[in-house]
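In the numbering used here, the protein residues as written are 146 to 210.
Presented below is the structure to which this report refers.
See the structure below:
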């Protein structure tokens, strides 16, 4: 499954959302690496309907040292 990274920072399922000018396309291979191997992007609970993904630090903020 691919993702679209919008200029405004949103991460969206590539299959559920049309491309907009300025989107950065994240292909299946990189999406797998980001979500499964590195665990830095996670789906919203209703991703199957909304197609919304998040960077992990947006959901679980990390204190900077």
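Glycine residues also receive a C-beta, built at the ideal position from the N, C-alpha and C atoms.
All figures in this text were calculated on a predicted structure; none of them were measured in a lab.
Listed as beta-bridge partners of residue 148 by DSSP are 158 and 171. Taking C-alpha positions only, residue 163 is separated from residue 172 by approximately 15 angstroms. Judged by DSSP secondary structure, residue 181 falls outside any alpha helix (DSSP H); it is assigned neither H nor E. Here residue 187 is bridged, per DSSP, to 199. For residue 192, the closest alpha carbon among the candidates 156, 152 and 150 is that of 156.
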